[in-house]
Amino acid sequence: MATENSVTVLKHSLVSPPSSAAATAMSLPLTFLDMLWLHFSPVERLVLYEVPQLSRAHFIEHIIPKLEHSLSLTLQPFLPLAGNLIVPSNSNSANHARNCCDFHPLIPELKPSTEDDSGSTARITPVLALQVTLFPDCGMSIGISNHHTVGDAGSIFRFMKTWAALCSKCLEDNIDRDDVAATLAKTQRDLTQFFGTKGSSS
């Protein structure tokens with residue numbers, strides 16, 4: 001029997017960037033300032049969307065596939081969010097999840113650290129988890145947990161805005177690939193301007 005605050009899981013998905021974006025393995029070393037965030041608990045956020053008359057069938061058949069597809073496209077310019085935090089074995093860092101009171105069932109937990117498969121003794125920790133929750137005939141929520149080393153509030157909200165823009169394009173009947181490319185190009189320009197680095201915006 002379900003309790004008042006329980007959530008029924010309909011599907012688990014592992015969403016990756018398009019294969020062309022993730023074709024080359026890369027490592028992004030942490031800076032001295034990043035080290036401050038290693039021992040912090042994941043940052044948890046909850047965004048609620050009012051969608052009257054949203055049925056379970058429509059949610060599963062139409063909304064979820066479009067959210068997954070647009071998330072894959074969004075991860076392309078935000079590649080570190082698709083990765084893992086790898087901590088050498090001589091580090092004592094750990095994640096300690098904290099509850100979000102009544103909203104805790106709506107926020108996904110980051111998977112616990114695991115041993116590296118390559119034979120080293122490093123710990124591997126996922127850096128992003130997303131959970132979409134349906135409230136039948138009312139709307140839905142998106143819960144976000146992220147490790148602070150890969151993004152502060154500004155960068156995570158920039159990621160969410162990009163995802164929302166791409167998802168709204170995917171929800172249209174006719175997806176204009178030029179619009180999707182333009183959204184990704186604008187995000188790349190914004191990131192380049194924000195970080196003050198030179199690079200291509202295409």
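Take the sequence shown: its letters are residues 1 to 202, numbered as in the UniProt record's numbering.
Backbone N, C-alpha and C define an ideal beta-carbon position, used for all residues, glycine too.
| query | Is Val15 near Glu68, with beta carbons less than 8 Å apart? | reply | yes
| query | If you draw a straight line from the C-alpha of Ser155 to the C-alpha of Leu81, how long is it? | reply | 10 Å
| Thinking C-alpha only, which one of Ser19, Ser41, Pro52, Asp34 is nearest Met140? | Pro52
| field | Every unbroken alpha helix (DSSP H) inside the region 136–173 [4 residues or more] | value | 153–171
| said: According to DSSP, simplified to helix, strand and coil, what is Leu110? | reply: coil
| query | For Pro126, which of helix, strand or coil comes out of DSSP? | reply | strand
| said: Taking the alpha-carbon of Met26 as reference, which of Lys161, Leu85, Leu71 has the nearest alpha-carbon? | reply: Leu85
| query | In terms of residue numbering, what span does the alpha helix (DSSP H) encompassing Ile64 cover? | reply | 64–75
| In angstroms, rounded to a whole number, what distance separates the CA positions of Leu71 and Thr24? | 19 Å
| query | When you compare only the Cα positions, how much space is there between Arg189 and His147? | reply | 24 Å
| task | Could you check the C-alpha separation between Phe157 and Pro105 for me, to the nearest Å? | result | 21 Å
| request: Counting only the same chain and skipping the five closest in sequence on each side, list residues whose C-beta sits under 8 Å from that of Ser55. | output: Pro136, Asp137
| query | What are the boundary residues of the beta strand (DSSP E) that includes Val87? | reply | 84–87
| request: Compute the Euclidean distance between the alpha carbons of Pro42 and Gly83, then round it to the nearest angstrom. | output: 15 Å
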